[in-house]
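Engineer:
Protein chains: 2
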Amino acid sequence: MKKSITLKELSKILKVSISTVSKALNDSYEISEITKKRVREAAKEYNYKPNRTAMNLKSGRVNTIGVILPSLKNFFLARVLRGIENVIAKTDYNIIISITNESHEKEVQSVLSLANGFVEAIIIAVSEETQVLQDYSHLENVKDKVHLLMFDRVVNTIPCDKVLVDDYDAVLNAVKELQFNGRKNIALTSTINNLSVGKLRIKGYTDAINEYHKPIIIEGTVEVIKKALREKLKEESIDAIIALDEEASLASFKVGKKEKLLDNGKISLIGYAGKTISENLTPSLTTINQHGKKIGRTAAKMILNKLKNENEKPEEIIIKSTLYNRETTRIKE
Amino acid sequence: MKKSITLKELSKILKVSISTVSKALNDSYEISEITKKRVREAAKEYNYKPNRTAMNLKSGRVNTIGVILPSLKNFFLARVLRGIENVIAKTDYNIIISITNESHEKEVQSVLSLANGFVEAIIIAVSEETQVLQDYSHLENVKDKVHLLMFDRVVNTIPCDKVLVDDYDAVLNAVKELQFNGRKNIALTSTINNLSVGKLRIKGYTDAINEYHKPIIIEGTVEVIKKALREKLKEESIDAIIALDEEASLASFKVGKKEKLLDNGKISLIGYAGKTISENLTPSLTTINQHGKKIGRTAAKMILNKLKNENEKPEEIIIKSTLYNRETTRIKE
DNA sequence: TTGAAAGCGGTACCAT
DNA sequence: ATGGTACCGCTTTCAA
Numbered sequence: 001m002k003k004s005i006t007l008k009e010l011s012k013i014l015k016v017s018i019s020t021v022s023k024a025l026n027d028s029y030e031i032s033e034i035t036k037k038r039v040r041e042a043a044k045e046y047n048y049k050p051n052r053t054a055m056n057l058k059s060g061r062v063n064t065i066g067v068i069l070p071s072l073k074n075f076f077l078a079r080v081l082r083g084i085e086n087v088i089a090k091t092d093y094n095i096i097i098s099i100t101n102e103s104h105e106k107e108v109q110s111v112l113s114l115a116n117g118f119v120e121a122i123i124i125a126v127s128e129e130t131q132v133l134q135d136y137s138h139l140e141n142v143k144d145k146v147h148l149l150m151f152d153r154v155v156n157t158i159p160c161d162k163v164l165v166d167d168y169d170a171v172l173n174a175v176k177e178l179q180f181n182g183r184k185n186i187a188l189t190s191t192i193n194n195l196s197v198g199k200l201r202i203k204g205y206t207d208a209i210n211e212y213h214k215p216i217i218i219e220g221t222v223e224v225i226k227k228a229l230r231e232k233l234k235e236e237s238i239d240a241i242i243a244l245d246e247e248a249s250l251a252s253f254k255v256g257k258k259e260k261l262l263d264n265g266k267i268s269l270i271g272y273a274g275k276t277i278s279e280n281l282t283p284s285l286t287t288i289n290q291h292g293k294k295i296g297r298t299a300a301k302m303i304l305n306k307l308k309n310e311n312e313k314p315e316e317i318i319i320k321s322t323l324y325n326r327e328t329t330r331i332k333e
Numbered sequence: 001m002k003k004s005i006t007l008k009e010l011s012k013i014l015k016v017s018i019s020t021v022s023k024a025l026n027d028s029y030e031i032s033e034i035t036k037k038r039v040r041e042a043a044k045e046y047n048y049k050p051n052r053t054a055m056n057l058k059s060g061r062v063n064t065i066g067v068i069l070p071s072l073k074n075f076f077l078a079r080v081l082r083g084i085e086n087v088i089a090k091t092d093y094n095i096i097i098s099i100t101n102e103s104h105e106k107e108v109q110s111v112l113s114l115a116n117g118f119v120e121a122i123i124i125a126v127s128e129e130t131q132v133l134q135d136y137s138h139l140e141n142v143k144d145k146v147h148l149l150m151f152d153r154v155v156n157t158i159p160c161d162k163v164l165v166d167d168y169d170a171v172l173n174a175v176k177e178l179q180f181n182g183r184k185n186i187a188l189t190s191t192i193n194n195l196s197v198g199k200l201r202i203k204g205y206t207d208a209i210n211e212y213h214k215p216i217i218i219e220g221t222v223e224v225i226k227k228a229l230r231e232k233l234k235e236e237s238i239d240a241i242i243a244l245d246e247e248a249s250l251a252s253f254k255v256g257k258k259e260k261l262l263d264n265g266k267i268s269l270i271g272y273a274g275k276t277i278s279e280n281l282t283p284s285l286t287t288i289n290q291h292g293k294k295i296g297r298t299a300a301k302m303i304l305n306k307l308k309n310e311n312e313k314p315e316e317i318i319i320k321s322t323l324y325n326r327e328t329t330r331i332k333e
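So the protein lines, in turn, are chains U and F.
Counting in my numbering, the first sequence tops out at residue 333, every number present.
Counting in my numbering, the second sequence tops out at residue 333, every number present.
1. Determine whether the beta carbon atoms of U/A299 and U/L148 lie at a separation below 8 Å.
2. For U/K313 and U/N305, I'd like the C-alpha separation in whole angstroms.
3. Just the C-alpha distance for F/G274 and U/T286, rounded to the nearest angstrom, thanks.
4. Give the DSSP bridge partners of U/A243, in chain order.
5. Pull up the DSSP beta-bridge partners for F/H147, would you.
6. Taking CB distances under 8 Å as the criterion, tell me whether U/A251 reaches chain F.
7. If we count Cβ pairs, one from each stretch, closer than 8 Å, do we get three or more for the region 194-202 of chain U versus the region 259-266 of chain U?
8. Measure from the alpha carbon of U/V132 to the alpha carbon of each residue in U/S110, U/Q109, U/E105, then state which is nearest.
9. Can you tell me which of F/K254, F/Y324, F/E120, F/R183 puts its alpha carbon nearest to the alpha carbon of F/A208?
10. So who's on the other strand from U/L164, going by DSSP bridges?
11. How would you write the range of the alpha helix (DSSP H) that F/V197 sits in, first residue to last?
12. When the cut-off is 8 Å and only beta carbons count, does F/K343 lie next to chain U?
13. Taking the beta strand (DSSP E) that F/T35 falls in, what are its first and last residues?
14. With DSSP as the reference, please indicate the residues paired to F/E219 in a beta bridge.
15. Closer than 8 Å, Cβ to any Cβ of chain F: which residues of the region 116-135 of chain U, in chain order?
16. Are the C-beta of U/S22 and some C-beta of chain F separated by less than 8 Å?
17. Spatial neighbours of U/R40 within its chain, please: CB distance less than 8 Å, with the 5 preceding and 5 following residues excluded, ordered by chain position.
18. Evaluate the contact criterion for the region 48-59 of chain U versus the region 237-254 of chain U: three or more CB pairs, one atom per stretch, below 8 Å.
19. Got a sec: is the Cβ-Cβ distance from U/E223 to anything in chain F below 8 Å?
20. Please look up how many angstroms separate the CB atoms of F/I202 and F/I217, rounded, as I've assumed it's under 8 Å.
21. Taking C-alpha atoms, which residue in F/P70, F/L69, F/V62, F/E85 lies nearest to U/L415?
22. In terms of alpha-carbon separation, which member of F/T276, F/Q290, F/H291, F/E246 lies closest to F/L269?
23. Please list the partners that F/E327 has in chain U, where partner means a Cβ-to-Cβ separation under 7 Å.
24. Which of helix, strand or coil does DSSP assign to U/I158?
25. Can you tell me the Cα-Cα spacing of U/R82 and F/I277, whole angstroms?
26. What does a CB cutoff of less than 6 Å around F/R230 pick up in its chain, not counting 5 residues either side in sequence?
27. Could you list which residues in chain U have their beta carbon closer than 8 Å to that of F/V146, in chain order?
28. Compare the Cα-Cα distances from U/L281 to each of U/K266, U/E327, U/I317 and report the closest residue.
29. Do you know offhand how far F/Y93's Cα is from F/T64's?
30. Can you list the residues of chain U that F/T282 reaches, using a CB-CB cut of under 8 Å?
31. What three-state label does DSSP hand F/L69 in the structure shown?
32. Just curious, the beta strand (DSSP E) that F/N94 is in, first and last residue?
33. Cα separation between F/I288 and F/T100?
34. Rounding to the nearest angstrom, what Cα-Cα distance links U/T189 and U/V155 in this structure?
35. Here's the rule: buried if 16 or more other CB atoms are within 10 angstroms of the residue's CB, otherwise exposed. What is F/R297?
36. Alpha carbon to alpha carbon, how far is U/S28 from F/L139?
Here is the structure:
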């Protein structure tokens, strides 16, 4: 690959000093118009572009923000990323993205590597494994070197910017709405029992059903949920399901569909899932919308603000979820 | 933010020269074991980490690959990205991602900026606007500075690595399959008439139906497609639809569903859409799978190979699509 | 108005 | 075995 021409080479061609060329290109008042013109023309002719690495080294900045995500499969995280991208694209910062695939090891590696001169700030949703292991030393390690912002799955013990989802309230309210609509025996399905957000959501559920009936909680992989749910539907008189994530939502949907309980409204279903899929299912799926894009935008703005005003103290913002009522809660028996 | 300690500072603390510290940390044979030990311990104590920017400047390399995508909404592109990530994660390269939102201007900016010292290679699917304008000068510009790989939407006139989809064949075969199953009047819907891949797919369609009936091509936005399709369904005796992208697929699906033509197999439907949504629709959607992840993996491997062997000549690989038969082509009248 | 030189944080060659 | 120094490409201060 051809390398770009450097200031030095350009200065040799023009038979002036390096500093003259540099100043001319930066439109310094010290340089005569005539020289500036000569230099600019030569720069154009030889397609001179300043070397980023050199400028970064000189300035001590890299103008880059790291985004560490557990997965891109997850529609919510993908939307958050788009929100972040949206805001950052308008600035002179760049984004570098790392996907951990829910692996703690990969996350540690990414965090340390990015924090080490690659980026000035990190926006992260920690991986499932990290939350299980509760090992946050890598984040502790870097929190003085780069600005840190956690969203969705956060670590409470680390003081830093946070953008949170109102998991507890969202599920509590969703369940209450089911109850308000006459549902008396509500089951819960989840594949994210390991996540902090999953736990908060379950708390919302148990608190909501508290005085009415005993909890029916079905956690595990998609297959486990399908099997267990099918059985529970036979044993107990379940008339509604709340699903805590997309996988659980679709698993519950499939079972409900197969057992012929959804199309006729014998059970209601509220889930977490992307808009496209929720709208296109038959019946369409009522969901709790976390406003991923807004979360991303908020996170990006917060971190830009910290980058600008070095000494501001950590903030914490909660983005409220919204219930999107669709057919799975609208069909009456 | 606290800055990392530098070699210089460390050398001052240890009262040895900078070069000694550098060599010790790099385990040079020139340094005595005892000094190495001292240095290593101090490095650990002060949490010394070499400055990436400095090393990059010194080595003239940045170990980063840029990925430029038109959108992340697109399930196919998201999967390609995961494929790329998958392969690159196993190397010491980093990925920097830029989303153009189908804008030519953003693409030009991204390409030039990334090529200018940010990355050593660029993997790109050009934006819709770029294909409409047919302005590829930014790519011409950088193709000697960084390794370039285009996938999916490629520019034929630029010689560089390419990973292609067999758009023409895939649609041709899909239509033939519909015909083999007795479908006699096949319509086509598409929101990607601006894209090279969209055009190739239409060619596949027209060549397939060629001798049998005149083409019924419905192009435009989702709303346009819905309206036009509804009308065409009334006028003409359409018994099958092929949709060229996810939006067109879902629009066609919705119309077919509403007109009660899908559940009873009065029309067949083949589309392009992600696995999750296709499987969960009722009836489930037969799709042409482009194997996005494989495309991503292939692209990443190709570019890594070029990075390793500077002088290899450009390659071109075609990844064959596969028809996934689901209910929209299985239900018989 | 121009240029020399120091410095950003490393590596590596050459002396000592 | 250790240290001095040049260099990567740029900016910036200071001197001419």
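Glycine included, each C-beta is placed from N, C-alpha and C at the ideal position.
These figures come from a predicted structure and were not determined experimentally.
Structural biologist: With the structure as the only source:
1. Position 299 of the first sequence, counting from 1, holds the residue named residue 299 of chain U. Position 148 of the first sequence, counting from 1, holds the residue named residue 148 of chain U. Result no, Cβ atoms of U/A299 and U/L148 do not sit closer than 8 Å.
2. Along the first sequence, one-based indexing puts residue 313 of chain U at 313. Along the first sequence, one-based indexing puts residue 305 of chain U at 305. Rounded to the nearest angstrom, the two C-alpha atoms are 11 Å apart.
3. Position 274 of the second sequence, counting from 1, holds the residue named residue 274 of chain F. Position 286 of the first sequence, counting from 1, holds the residue named residue 286 of chain U. Cα-Cα distance, rounded: 21 Å.
4. Taking the first residue of the first sequence as position 1, residue 243 of chain U is located at position 243. For U/A243, which the question treats as bridged, DSSP gives the partners U/T189.
5. What you label residue 147 of chain F is simply residue 147 of the second sequence in a count that begins at 1. Answer is F/A121, bridged to F/H147.
6. Looking up residue 251 of chain U in the first sequence gives position 251. With 8 Å as the cut-off, U/A251 does not count as an interface residue toward chain F.
7. no
8. On the first sequence, residue 132 of chain U is found 132 positions in, with the first residue counted as 1. Nearest of U/S110, U/Q109, U/E105 to U/V132, Cα basis: U/E105.
9. Within the second sequence, residue 208 of chain F is the residue found at index 208, counting from 1. The option with the nearest alpha carbon to F/A208 is F/R183.
10. On the first sequence, residue 164 of chain U is found 164 positions in, with the first residue counted as 1. U/I318, per the DSSP bridge assignment.
11. Residue numbering aside, residue 197 of chain F sits at position 197 when the second sequence is read from its first letter. First-last of the alpha helix (DSSP H) with F/V197: 196-209.
12. Residue 343 of chain F is absent from the structure shown; chain F starts at 1 and stops at 333.
13. Within the second sequence, residue 35 of chain F is the residue found at index 35, counting from 1. Where F/T35 is concerned, there is no enclosing beta strand (DSSP E), although the alpha helix (DSSP H) it sits in stretches over 33-45.
14. For the purposes of this step, residue 219 of chain F is taken as residue 219 along the second sequence, with counting starting at 1. Bridge partners of F/E219: F/S190.
15. N116, G117, F118, E120
16. Working through the first sequence from its first residue, we reach residue 22 of chain U at position 22. So no, U/S22 is outside the interface.
17. Here residue 40 of chain U corresponds to residue number 40 of the first sequence, with the count starting at 1. A24, L25, listed in sequence order.
18. no
19. Taking the first residue of the first sequence as 1, we reach residue 223 of chain U at position 223. No, U/E223 lies away from the interface with chain F (no Cβ there is under 8 Å from its Cβ).
20. Working through the second sequence from its first residue, we reach residue 202 of chain F at position 202. Working through the second sequence from its first residue, we reach residue 217 of chain F at position 217. Contact holds; Cβ gap of about 7 Å.
21. One cannot answer for residue 415 of chain U here, as it falls past the ends of chain U, which runs 1 to 333.
22. If you number the second sequence from 1, residue 269 of chain F lands on position 269. The shortest C-alpha separation from F/L269 is found at F/E246.
23. The residue you call residue 327 of chain F lines up with position 327 of the second sequence. Under the 7 Å cutoff, chain U gives no residues; its nearest Cβ is about 12 Å from F/E327.
24. The residue labelled residue 158 of chain U in the question sits at position 158 within the first sequence. Correct three-state label for U/I158: coil.
25. By 1-based counting over the first sequence, the position of residue 82 of chain U is 82. By 1-based counting over the second sequence, the position of residue 277 of chain F is 277. Going from the Cα of U/R82 to the Cα of F/I277 covers about 20 Å.
26. Residue 230 of chain F sits at position 230 when you count from the first residue of the second sequence. Only V255 meet the Cβ criterion.
27. For the purposes of this step, residue 146 of chain F is taken as the residue at position 146 of the second sequence. By Cβ distance, chain U contributes M1.
28. The residue labelled residue 281 of chain U in the question sits at position 281 within the first sequence. Per the Cα distances, U/E327.
29. For the purposes of this step, residue 93 of chain F is identified with residue 93 of the second sequence, where counting begins at 1. For the purposes of this step, residue 64 of chain F is identified with residue 64 of the second sequence, where counting begins at 1. Whole-angstrom Cα-Cα distance: 5 Å.
30. On the second sequence, residue 282 of chain F is found 282 positions in, with the first residue counted as 1. Near F/T282 (Cβ distances below 8 Å), the residues of chain U are K257, L281, T282.
31. The count along the second sequence starts at 1 and reaches residue 69 of chain F at position 69. In this structure, F/L69 counts as strand in the three-state DSSP scheme.
32. Along the second sequence, read from residue 1 onward, the residue named residue 94 of chain F stands at position 94. F/N94 -> beta strand (DSSP E) spans 94-99.
33. Residue numbering aside, residue 288 of chain F sits at position 288 when the second sequence is read from its first letter. Residue numbering aside, residue 100 of chain F sits at position 100 when the second sequence is read from its first letter. If you take the alpha carbons of F/I288 and F/T100, they lie about 26 Å apart.
34. Your numbering for residue 189 of chain U matches position 189 in the first sequence. Your numbering for residue 155 of chain U matches position 155 in the first sequence. Those two C-alpha atoms are separated by around 24 Å.
35. Here residue 297 of chain F is taken as the residue at index 297 of the second sequence, counted from 1. Burial call: buried.
36. Within the first sequence, residue 28 of chain U is the residue found at index 28, counting from 1. Within the second sequence, residue 139 of chain F is the residue found at index 139, counting from 1. Straight-line Cα distance between these residues: approximately 32 Å.
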